[in-house]
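Enquirer: Here it is, the structure, as structure tokens.
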Amino acid sequence: ERQLHHQRSDLHSYRYYDFPGRYKDGTGQRISQYRLEALRRDAMLGHGQSNCFVLSAASGFTLTDHPKEKFNTFWQVIEISHHGRQPQADGSRFGERGTSLTNSFTFGDCYRVWRPSPYPKPRIDGLQIATVVGPEGEEIFCDEYGRVRVQFAWDEYGKFNDNSSCWIRVSQAWAGKRWGMIAIPRVGQEVLVDFLHGDPDQPIIIGRTYHASNIVPNPLPIAKTQMSIR
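Set out below in structure tokens:
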């Protein structure tokens with residue numbers, strides 16, 4: 001939440017929430033300032049047409065004789081499109097008018113910082129299958145937080161070792177401060193990986209699955225009434 005300088009008195013104050021913030025230190029103040037400036041960039045816009053060939057993006061002009069005095073100020077060109085004609089280049093069209101150049105443009109308050117919208121971060125929606133990996137000869141490989149590394153099925157460069165991914169948190173059935181339960185996925189297990197808010201940089205393991213290679217502890221369907229932990 002930030003206050004903007006040079007805000008017009010006839011525009012109401014408001015709050016804009018962008019979740020998640022993705023920062024935990026003072027850099028967030030600058031990021032939020034840039035984000036809010038991008039949101040406010042279109043608060044005071046105008047559109048015009050001219051035949052001034054020196055007009056270009058980022059240049060400016062002073063508007064005069066407008067009925068509303070507050071608009072008689074210096075404006076900055078944000079976007080411009082030039083249109084030109086030169087019929088003399090075509091020998092069969094001598095009867096038309098001479099060379100002409102017109103343009104249409106968008107302009108904004110020169111005293112307001114113009115920020116582009118941030119480029120949207122790529123998203124990953126939905127679950128992905130991955131295999132738990134580790135150094136050669138290790139059956140269980142984790143760090144002090146119980147995180148593990150995985151190899152995604154689409155990864156063509158990973159070597160199914162401890163460098164295949166970043167450390168990834170593992171969801172547990174019960175977790176607290178020095179209490180709860182923990183079951184570390186073992187190397188070779190198939191896991192389900194989700195991404196918090198669709199962020200590729202925030203993977204989390206939310207489940208584990210059996211398949212033809214990792215079969216269940218007891219024979220099924222004979223032992224279908226039994227619950228087992230092994």
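Just so you know, full-length UniProt numbering puts 4 at position 4 of the sequence shown, and the rest follows in order with no gaps. Built from N, CA and C at the ideal position, the CB exists for glycine as well.
In whole angstroms, what separates the C-alpha of S81 from that of M44?
Expert: Those two C-alpha atoms are separated by around 20 Å.
Enquirer: For R35, which option in V216, G48, Q172, G21 has the closest C-alpha, if you only look at C-alpha atoms?
Expert: When each option's Cα is compared against that of R35, the closest is G21.
Enquirer: Can V187 and E139 be called in contact, C-beta distance under 8 Å?
Expert: A contact, by the Cβ cut-off of 8 Å.
Enquirer: Apply the 10 Å Cβ neighbour rule to V132 and answer buried if 16 or more other Cβ atoms are within range, or exposed otherwise.
Expert: Buried, because 16 or more other Cβ atoms sit within 10 Å of the Cβ of V132.
Enquirer: As a quick exercise: from R208, C110, Q49, pick the residue whose alpha carbon is nearest that of S59.
Expert: Among R208, C110, Q49, the Cα nearest to that of S59 belongs to C110.
Enquirer: What beta strand (DSSP E) runs, 3 residues minimum, are completely inside the region 128-158?
Expert: Counting only runs of 3 or more, we get 128-133, 149-152.
Enquirer: Smallest Cα separation from I229: which of Y17, A183, Q88, N163?
Expert: Nearest option by C-alpha distance: A183.
Enquirer: Got a sec? Which residues, its chain only, sit under 6 Å from Q3 by beta carbon, not counting five neighbours each side?
Expert: With a pLDDT of 47 at Q3, under the threshold of 50, the modelled position of this residue cannot be trusted, and the question is left open.
Enquirer: Shortest alpha-carbon distance to E136 belongs to which of A173, N161, Y17?
Expert: Of the candidates A173, N161, Y17, the one whose C-alpha sits nearest the C-alpha of E136 is N161.
Enquirer: Taking the alpha carbon of S100 as the reference point, which residue from S165, Q151, S50 has its own alpha carbon closest?
Expert: Of the candidates S165, Q151, S50, the one whose C-alpha sits nearest the C-alpha of S100 is S50.
Enquirer: If you run the structure through DSSP and keep just helix, strand and coil, what is Q189?
Expert: Three-state result, Q189: coil.
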